[in-house]
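Q: Starting off with a structure, shown below.
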Amino acid sequence: MEARRYGVQQVSYALAGAGILAILNLHLLQALFAGMLVFMLIHLAQPLLGRHVTGLRGRQLATAVLAMLVIAAVVGLGLWIGDILHGHGDLDAIWARMAETLDGANDVIPPWLLGRLPSSGPELKAEASHWLREHAPELRLLGKEAGLAAAHILLGMVIGAMVAVQELAASEQHRPLARALLERIGAFYNAFRRVFVAQGKIAAINAFFTGIYLLGILPAVGYHLPFSKTMVLITALVGLLPVVGNLISNSIIVMISFSVSPQAALLSLLFLVLLHKAEYFLNARIVGGEINAKAWEILIAMVLMEALFGFGGVAIAPVVYAWIKNELRREALI
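What the sequence shown shows, in numbering that gives the first Met the number 0, is residues 0 to 333, in sequence order.
In structure tokens:
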């Protein structure tokens, strides 16, 4: 009996691993994350329903209505953010400002560094276009596949909502393999929830201090950066991506600061270095506390997953690492 149970467990681990590989190779990560996010939000709100709704049918109906509200709220938030970034033209204006900064940098940047940078705005656009073509699989949300990615996200949210509703009537009686697979899925979801909450805290803290710097400290010392509020919003959004998000927001802040003056760029660079040094320890405390892992462990996992799967590997690495470590701890192997 013990040998049979062990065999079932091994099969469930193999199937779960194959599922993760399939999701990464088929570029369905956004659908997976969207579904789990909606499922998590519904679970967070369900205790409110329990106080007012009784009976299985009533709870299922109430959960279905709640699911529709959650999906509508998530979609609405996404459209609102998109309108802020694109509707007001701030992203295009930021891009143009960065290109102008490079155009006017010839007399400021050292020759050895200038030779490694695009010499003009059009050249910057050409190099960016070349980079985007080379990395199209990793940047599925850009270009012609944006519609397909949006459809995947919407379907993922619908599936997450359906699972949340169906879970209310799920039977506790399952065959051994089905039970083992449900355990794997539950463990992976718990890892996602812990990592998402932890990274959300870090992104919020990062955006808070960036806002203090851009909207308070810099104006106080005489430097008024354009697009400050938009840059704070960008910092909050891309901060949900470990490491990569910081690179994106830091590059934008430093370039826009340089468009004002080299001194402002230097101040911004010093601030960002200090912020991310502090964030390293904060990351170790928050993320490490949620998944019992050191920051260097997560970083190694991200490097390996990026080498194997590109940008998708970076995004899912903390979740996969937390999941694997929890499974090993559950089996008393570590």
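All C-beta atoms in this analysis are idealised placements derived from N, C-alpha and C, irrespective of residue type, glycine included. All figures in this text were calculated on a predicted structure; none of them were measured in a lab.
Determine whether the beta carbon atoms of VAL231 and ILE247 lie at a separation below 9 Å.
A: Against a cut-off of 9 Å, the Cβ pair of ILE247 and VAL231 comes out as no contact.
Q: Quick one: Cα of ALA33 to Cα of GLY155, how far?
A: 5 Å
Q: Classify ASN325 as buried or exposed, calling it buried when 16 or more other Cβ atoms lie within 10 Å of its own Cβ.
A: buried
Q: Are VAL194 and ILE333 close, meaning C-beta to C-beta below 9 Å?
A: no
Q: In chain order, which alpha helix (DSSP H) runs of at least 4 residues are fully inside the region 2-57?
A: 28-49
Q: Would ILE252 pass as a contact of LEU269 if the rule is Cβ separation under 9 Å?
A: With contacts defined as CB atoms closer than 9 Å, ILE252 and LEU269 fail to qualify as a contacting pair.
Q: Which residue's Cα is closest to the Cα of ALA61: LEU239, LEU176, GLY6, VAL164?
A: Of LEU239, LEU176, GLY6, VAL164, the residue nearest in Cα terms is VAL164.
Q: With 16 other CB atoms within 10 Å as the buried threshold, where does HIS173 fall?
A: exposed
Q: Closer than 8 Å by C-beta to LYS200: which residues in its own chain qualify, once you throw out the five before and the five after it? Chain order, please.
A: ILE285
Q: List in chain order: all unbroken alpha helix (DSSP H) runs of 4+ residues lying wholly within the region 194-240.
A: 227-237
Q: Could you check what DSSP says for ALA392 in three-state terms: helix, strand or coil?
A: Only positions 0 to 333 of the chain appear in the structure, and residue 392 is not among them; the question remains open.
Q: Measure the alpha-carbon distance for PRO317 versus ASN205 and round it to whole angstroms.
A: As the crow flies, the alpha-carbon of PRO317 is around 19 Å from that of ASN205.
Q: Assign HIS173 to one of three DSSP states: helix, strand, or coil.
A: coil
Q: My output table needs one value for ASN291: the three-state DSSP class, helix, strand or coil.
A: coil
Q: Between the alpha carbons of THR234 and ALA202, how many angstroms are there, rounded?
A: 7 Å
Q: Leaving out the 5 sequence neighbours to the left and right, which residues in its chain are closer than 6 Å to PHE187 when beta-carbon positions are compared?
A: TRP322
Q: Report yes if the CB atom of ARG4 is closer than 9 Å to the CB atom of PRO175, and no otherwise.
A: yes
Q: Given a threshold of 16 other Cβ atoms within 10 Å of its Cβ, counted over all protein chains shown, does ILE299 qualify as buried or as exposed?
A: exposed
Q: Can the beta-carbon of LEU222 be found closer than 9 Å to that of SER250?
A: Looking at the sequence provided, one finds Tyr at residue 222 rather than Leu. The answer is no: Cβ separation not under 9 Å.
Q: Quick check on this structure: which residue in LEU266, GLY16, GLU182, GLN198 has the alpha carbon closest to the alpha carbon of LEU281?
A: LEU281 has its Cα closest to that of GLN198, out of LEU266, GLY16, GLU182, GLN198.
Q: Would you tell me roughly how many angstroms separate the C-alpha atoms of GLU278 and HIS26, rounded to the nearest one?
A: 30 Å
Q: Report the option in LEU31, ALA263, VAL162 whose CA atom is closest to the CA atom of HIS42.
A: Selected option, being the one with the closest Cα: VAL162.
Q: Put SER267 into one of helix, strand or coil per three-state DSSP.
A: Reduced to three states, the DSSP call for SER267 is helix.
Q: By Cβ distance below 6 Å, which residues in the same chain neighbour PHE308 in space, the five residues on each side in sequence not counted?
A: LEU23
Q: Can you round the beta-carbon distance between ARG183 and ALA15 to whole angstroms, since I take them to be within the 8 Å contact cut?
A: 4 Å
Q: Who are the near neighbours of LEU167 in its chain, counting only those whose CB is closer than 8 Å to its CB and skipping five residues on each side?
A: LEU55, ARG58, GLN59, THR62
Q: Excluding sequence positions up to five away, which residues of its chain have a Cβ less than 7 Å from the Cβ of GLN8?
A: ALA179
Q: Tell me which residues share the same chain as ARG192 and place their Cβ nearer than 8 Å to its Cβ, disregarding the 5 neighbours each side in the sequence.
A: Answer for ARG192: MET35, MET39, listed in chain order.
Q: If the criterion is Cβ atoms closer than 9 Å, does the pair ILE70 and VAL196 meet it?
A: no
Q: Helix, strand or coil for LEU147? Go by DSSP, reduced to three states.
A: helix
Q: Where MET304 and VAL313 are concerned, what is the direct C-alpha to C-alpha distance, given to the nearest angstrom?
A: 6 Å
Q: Going along the chain, which residues of its own chain have a beta-carbon closer than 7 Å to the beta-carbon of ALA30, five neighbours each way excluded?
A: HIS151, ILE152, LEU154, GLY155
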